[in-house]
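For reference, the structure is listed below as structure tokens.
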Amino acid sequence: MTKTITLATSTVHDPAHAQDVLRAAYRQVFGNAHLMEEQLVPTAESLFLEGDLTVQGLVSALASSDTYRSLFLEKNGPYRFVELNFKHLLGRAPRNQTELSEHVQRLAAEGYQAEIDSYVYSAEYADAFGFDSVPYSRTTVTTTGESNLTYVRSLNLRGDFAAFDGGTRPILKASLATGSAPTSAARGNRGAHSSRNQRRYRISWSTSSPTGVNRRAVQISVVPFSSLTSTLQSVQRRGGSILSVTNG
Numbered sequence: 128m129t130k131t132i133t134l135a136t137s138t139v140h141d142p143a144h145a146q147d148v149l150r151a152a153y154r155q156v157f158g159n160a161h162l163m164e165e166q167l168v169p170t171a172e173s174l175f176l177e178g179d180l181t182v183q184g185l186v187s188a189l190a191s192s193d194t195y196r197s198l199f200l201e202k203n204g205p206y207r208f209v210e211l212n213f214k215h216l217l218g219r220a221p222r223n224q225t226e227l228s229e230h231v232q233r234l235a236a237e238g239y240q241a242e243i244d245s246y247v248y249s250a251e252y253a254d255a256f257g258f259d260s261v262p263y264s265r266t267t268v269t270t271t272g273e274s275n276l277t278y279v280r281s282l283n284l285r286g287d288f289a290a291f292d293g294g295t296r297p298i299l300k301a302s303l304a305t306g307s308a309p310t311s312a313a314r315g316n317r318g319a320h321s322s323r324n325q326r327r328y329r330i331s332w333s334t335s336s337p338t339g340v341n342r343r344a345v346q347i348s349v350v351p352f353s354s355l356t357s358t359l360q361s362v363q364r365r366g367g368s369i370l371s372v373t374n375g
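The working numbering applies: residue 128 is where the sequence shown begins, and numbers increase by one.
Take a look at the structure:
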């Protein structure tokens with residue numbers, strides 16, 4: 128079922144800000160694709176700029192467009208398409224094989240629009256982004272209720288900030304099928320993997336029962352990407368609680 132949300136209270140009064148939001152929505156939904164004029168979605172743009180469409184409605188319209196279907200479904204298999212839907216519309220990776228399979232089956236049984244709606248009109252989307260926020264990558268900090276493995280998979284799926292999501296091979300299929308962290312081979316070409324491994328990640332975590340005068344309740348660890356998963360697992364084995372994981 129196709130839904131279009133229009134709220135008079137969401138009228139945009141600042142045209143410059145509206146254009147910024149519009150560009151951000153295109154960049155997020157289309158995975159940094161450089162679109163030609165004929166690939167744009169002018170009807171949705173007009174409704175949004177006139178205040179007749181919320182950001183949520185704009186995101187839905189962009190993801191429901193022929194351009195999105197052409198770029199991410201027709202050029203990819205269903206597994207890669209679902210991976211990218213999670214990235215573009217919910218800002219995270221699929222949590223497990225069951226979640227991935229549910230969306231692949233929905234696409235086959237209920238069709239394209241039902242698959243898009245299942246993200247944009249979900250309770251998770253509403254809680255994370257509401258009516259008027261453009262979806263974003265939720266990998267800058269860990270999220271309450273999400274596993275560390277989902278966080279690491281989301282980092283792999285995120286890739287470089289300015290890179291186009293044009294790769295046709297699923298990145299997380301093997302990781303989800305085996306319940307393990309993504310391998311280096313699944314993270315893309317050697318250059319991209321090397322670039323990611325050069326980044327440092329700051330893990331903030333608390334000890335379960337701090338003791339001793341020099342023992343801090345909150346600990347900080349700075350590690351490369353290659354050590355991120357093992358460090359998170361080590362903290363949890365020691366009874367620690369992850370507070371946040373940030374770049375830098």
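Backbone N, C-alpha and C define an ideal beta-carbon position, used for all residues, glycine too. All of these numbers come straight from a predicted model, not from anything done at the bench.
Asked	Found
Buried or exposed by the 16-neighbour rule on C-beta atoms within 10 Å, applied to A188	buried
Span separating the alpha-carbon of N159 from that of Y195	12 angstroms
Spatial neighbours of V340 in its chain, beta-carbon cut-off 7 angstroms, leaving aside the 5 residues before and after	Here the model assigns V340 a pLDDT of 48, short of 50, so the residue's position is not dependable, and the following value carries that caveat. Nothing meets the Cβ criterion.
Residue interval of the beta strand (DSSP E) (run including V168)	Where V168 is concerned, there is no enclosing beta strand (DSSP E), given that its DSSP letter is neither H nor E.
According to DSSP, residues forming a beta bridge with I347	S331
Close beta carbons around V261, own chain, < 8 angstroms, minus the five adjacent residues each side	V148, A151, A152, Q155, V182 and V186
Proximity below 8 angstroms, CB of V345 to CB of I330	no
Contact belief for L216 with Y246 at Cβ below 8 angstroms, rounded distance in angstroms	4 angstroms
Backbone secondary structure at L370 - three-state DSSP	strand
Cutoff 8 angstroms; reference L370; Cβ partners in own chain excluding five residues on either side	T269, S331, W332, S333 and V345
Within 8 angstroms, strictly: CB atoms of A250 and R265	no
Neighbour flag for L176 against chain E, beta carbons, 8 angstroms	You won't find chain E in this structure, because it holds only one protein chain.
Own chain partners of I243 with C-beta closer than 6 angstroms, once the 5 adjacent residues on each side are dropped	A190 and S191
Complete alpha helix (DSSP H) runs within the stretch 199 to 233 (minimum length 4 residues, chain order)	205 to 212
Q240 Cβ short of 7 angstroms to the ligand ZN heavy atom set	Absence of the ligand ZN from the depicted structure is noted, as is the absence of any ligand whatsoever, leaving it without description.
Exposed unless 16 or more other CB atoms sit within 10 angstroms - verdict on Y252	buried
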